[in-house]
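Written below as structure tokens is the structure these notes are about.
There are 2 protein chains.
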Amino acid sequence: MEDHDIILASASPRRESILSKIDLKFVSIPSDIAEDFSIKLPPKAFCKHWAREKALNIAKDYPKSYILGADTIVVLDNNILGKPKDRDHSISMLKSLSGKTHKVLTGVSIIKIDSGVDVLFNTSTYVSINTLTNSDIYNYIDTHSPYDKAGSYGIQDSFSVYVKKIDGCFYNVMGLPISEFYKHFLEIIKREP
Amino acid sequence: MEDHDIILASASPRRESILSKIDLKFVSIPSDIAEDFSIKLPPKAFCKHWAREKALNIAKDYPKSYILGADTIVVLDNNILGKPKDRDHSISMLKSLSGKTHKVLTGVSIIKIDSGVDVLFNTSTYVSINTLTNSDIYNYIDTHSPYDKAGSYGIQDSFSVYVKKIDGCFYNVMGLPISEFYKHFLEIIKREP
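Here it is, written out as structure tokens:
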């Protein structure tokens, strides 16, 4: 395959850093798509839907490239937690995660229009959080402003001290399940002429 | 507690980066201790033994500070895999991990001589690896020279594409179980005068 043949349809610096772990050249072109939480879909369908919307948004302009779209959500008791709207929303999200196990789902879409590639999957990771005090929560929000993060936390920052354990792919929680993506991508390029 | 009151008795840049996630000041002073694999201890006792040896080695010179020692090993079928001696050793380690689940154990020792603090624990994480081809293994070794890493891989580098899932603390696999350490450390400073 050619260099620069992959386009990451995301503005997330975390996804960029994860994808950089693989020896594949890529460029990032953020899509215009923002998740619309008023669309009522079950969690797995929801994150796959938005991953594909993001990939399609870029794919139409770059039909010869592999476009990678991803959408990460946090699911607690079957409710989707997106990015917090403001400080109060962030506080209530973190309170709801305290002392519990939640699920992080990332939908991943790989599209290449010219050769008809249209792969869509999702990956789940269970994350168990220690009991958080109010002061843990306020300190974390005030020092990290986690407003760009689903569930209002970053597993790669100081919130890691509250993560008791995970079950599944770590990088999925950061925004891109790299091992699953790589497996699918190798299968895709094997099938290409 | 005072600033610079914690000494990380390790030369590992990975442990330094993990400990930096917490809002606690520390300095790193590597110990002179190297694990001696001829000492036959069961895996949990082995990594706790060497964590404490590393901490003690520094603690004797800094009796007023909290000294943090850690030792990480990879355990497969109850055999301890340390750091590979050379390329062939690295190849055989990675072949043995291919397609299987192994355990990563980190022993952690926290010592402060002046106040009699001597805490010792270990944390386990299960890591499941995809099937690796010979070319996966050769490429990885040639690009990463993983000779300073127990088990011959780094979960934070491009080896992540072969990690199917983990069960437990991610940072434990990198060398320091930050959430367990933080919990123990808060308990220790609560008890101090």
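So the sequences go chain by chain: A and B. The first sequence begins at 1 in my numbering and counts up by one. The second sequence begins at 194 in my numbering and counts up by one. Using N, Cα and C, we set each Cβ at its ideal position, and we do this for glycine too.
inquiry  = Assuming B:ASN332 is part of the alpha helix (DSSP H), what are its boundary residues?
reply    = 327 to 337
task = Pull up the distance between the alpha-carbon of B:MET194 and that of B:ASP307, whole angstroms please.
result = Summary for B:MET194: the model assigns pLDDT 42, below 50, so the residue's position carries little reliability, and this model does not support an answer.
ask   = Exposed or buried, B:ASP281, counting other C-beta atoms within 10 Å across all chains shown (16 or more means buried)?
value = exposed
inquiry  = I need the DSSP call for A:LEU24, collapsed to helix, strand or coil.
reply    = coil
ask   = Going straight from the alpha carbon of B:ASP229 to that of B:LEU379, what length do you get?
value = 32 Å
query = With distances taken from CA atoms, which of B:LYS357, B:ASP311, B:LEU290 and B:LEU274 is nearest B:SER180?
reply = The shown model of chain B, from 194 to 386, leaves out residue 180 of chain B, and the question about it has no answer.
inquiry  = I'd like the span of the beta strand (DSSP E) that includes A:LYS103, first residue to last.
reply    = 101 to 112
ask   = Counting only beta-carbon atoms, is A:VAL27 nearer than 8 Å to chain B?
value = no
inquiry  = If I follow the unbroken alpha helix (DSSP H) through B:ILE381, where does it start and stop?
reply    = 371 to 384
inquiry  = Let's see if you can read the secondary structure: which residues bound the alpha helix (DSSP H) around B:SER285?
reply    = 280 to 290
key: Residue-chain proximity (A:ILE141, chain B), Cβ-Cβ < 8 Å   = no
task = Could you tell me which chain B residues have their CB closer than 8 Å to the CB of A:ILE137, listed as they occur along the chain?
result = Those do not exist, as A:ILE137 stays about 14 Å from chain B at its closest Cβ, beyond 8 Å.
query = Are the C-beta atoms of B:PHE363 and some chain A residue less than 8 Å apart?
reply = yes
task = Throw me the rounded Cβ distance for the A:SER31 and A:GLY69 pair, which I believe falls under 8 Å.
result = 7 Å
message = Quick check: A:PRO146 and A:TYR153, are their CB atoms within less than 8 Å of each other?
response = yes
ask   = According to the Cβ coordinates, are B:LEU313 and B:SER328 closer than 8 Å?
value = no
For A:LEU56, three-class secondary structure by DSSP = helix
query = Closest Cβ-Cβ distance between B:SER345 and chain A: below 8 Å?
reply = no
inquiry  = At the 8 Å Cβ level, is B:GLU380 part of the contact set with chain A, yes or no?
reply    = no
key: Unbroken beta strand (DSSP E) run spanning B:VAL320, endpoints   = 310 to 322
ask   = Between the C-alpha atoms of B:GLY361 and B:PHE239, what's the straight-line distance to the nearest angstrom?
value = 20 Å
ask   = How many angstroms separate the CA atom of B:LYS342 from the CA atom of B:PRO386?
value = 39 Å
query = Checking contacts by CB at 8 Å: is A:ILE178 closer than that to chain B?
reply = yes
message = Using beta carbons (cut-off 8 Å, strictly below), is B:ASP214 in contact with chain A?
response = The question names Asp, yet the displayed sequence has Lys at residue 214 of chain B. So yes, B:LYS214 belongs to the interface.
ask   = Would you say A:PHE159 and A:TYR140 are within 8 Å of each other, going by their C-beta atoms?
value = yes
ask   = My guess is that A:ILE33 and A:TRP50 are in contact by the Cβ rule of under 8 Å, so how many angstroms apart are they, rounded?
value = 7 Å
ask   = Is the Cβ of B:ASN315 closer than 8 Å to any Cβ of chain A?
value = no
key: Cut-off 7 Å between Cβ atoms - residues of its own chain near A:ASN57, not counting five sequence neighbours on either side   = ALA9, SER31, ASP32 and ILE33
ask   = Which residues bound the beta strand (DSSP E) around B:LEU261?
value = 259 to 269
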